[in-house]
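Colleague: Numbering (this note's numbering), first residue to last: 20 to 188. Right, I'll just put the structure down here and ask away after.
Dropping the structure here:
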């Protein structure tokens, strides 16, 4: 990104961390949707995650998608899946390293589902910033009741420009 004076513009924190979440999503082993998440405190990354099978288990990219085989639509029956969601994996990474995430902000490429929202609520997450909506009204209701700030970042092109700027050096 370049300003009218010809100087490179620094991205805002939301664009910066959402770009990092997009990079994390490239590690996904889900055949239906790539999702990445970055947990941040005071503008410092605490943990990252992407959706995929648990460590040490077979990946859906290798053996196929159970949800596809059973014809389960997106947004339903989350428990029938080999994979863990990006938010779950980021929380697990922080927990396994002993990193507290109370009052954190999580940046994720997809709006958290109700299961991930419950985890984020109980982990005392303070803010959620996501790029793409997810068809789960219960998730929105729970986050609102719990008082978690949830911001839909609707400027995808800004995040893409951050990544383009990074590779155009």
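Beta carbons are placed, not taken as given, at the ideal position from N, Cα and C, and that holds for glycine.
Can you tell me whether residue 113 is buried or exposed, with buried defined as 16 or more other CB within 10 angstroms of its CB?
Modeller: Buried, by the Cβ-count rule.
Colleague: Please work out which residues of its chain come closer than 6 Å, Cβ to Cβ, to residue 126, disregarding the five sequence neighbours upstream and downstream, and give them in chain order.
Modeller: Excluding sequence neighbours, residue 126 sits near 36, 37, 40, 57, 148.
Colleague: With a Cβ-Cβ cutoff of 8 Å, do residue 34 and residue 178 count as a contact?
Modeller: Contact flag set, yes.
Colleague: Mind checking whether residue 136 and residue 158 have CB atoms under 8 Å apart?
Modeller: Yes. Within cutoff.
Colleague: For residue 76, which three-state DSSP category applies?
Modeller: Reduced to three states, the DSSP call for residue 76 is coil.
Colleague: Would you tell me roughly how many angstroms separate the C-alpha atoms of residue 87 and residue 132, rounded to the nearest one?
Modeller: Those two C-alpha atoms are separated by around 18 Å.
Colleague: Check whether the Cβ of residue 58 lies closer than 8 Å to any Cβ atom in chain C.
Modeller: The structure shown contains no chain C, having only a single protein chain.
Colleague: How would you label residue 53, buried or exposed, when you count the other beta carbons within 10 angstroms and need 16 or more for buried?
Modeller: The residue is buried, with at least 16 neighbouring Cβ atoms inside 10 Å.
Colleague: Figure out for me which residue from 70, 66, 62, 61 has the closest Cα to the Cα of residue 44.
Modeller: That would be 70, whose Cα lies nearest to the Cα of residue 44.
Colleague: According to DSSP, residue 146 sits in a beta bridge with which residue or residues?
Modeller: Bridge partners of residue 146: 124, 168.
Colleague: Under 7 Å Cβ to Cβ from residue 106, same chain only, skipping five residues before and after it: list those, please.
Modeller: 56, 68, 125, 127, 131, 135, 138, 139.
Colleague: Indicate the three-state DSSP secondary structure (helix, strand or coil) for residue 48 in the structure shown.
Modeller: In this structure, residue 48 counts as coil in the three-state DSSP scheme.
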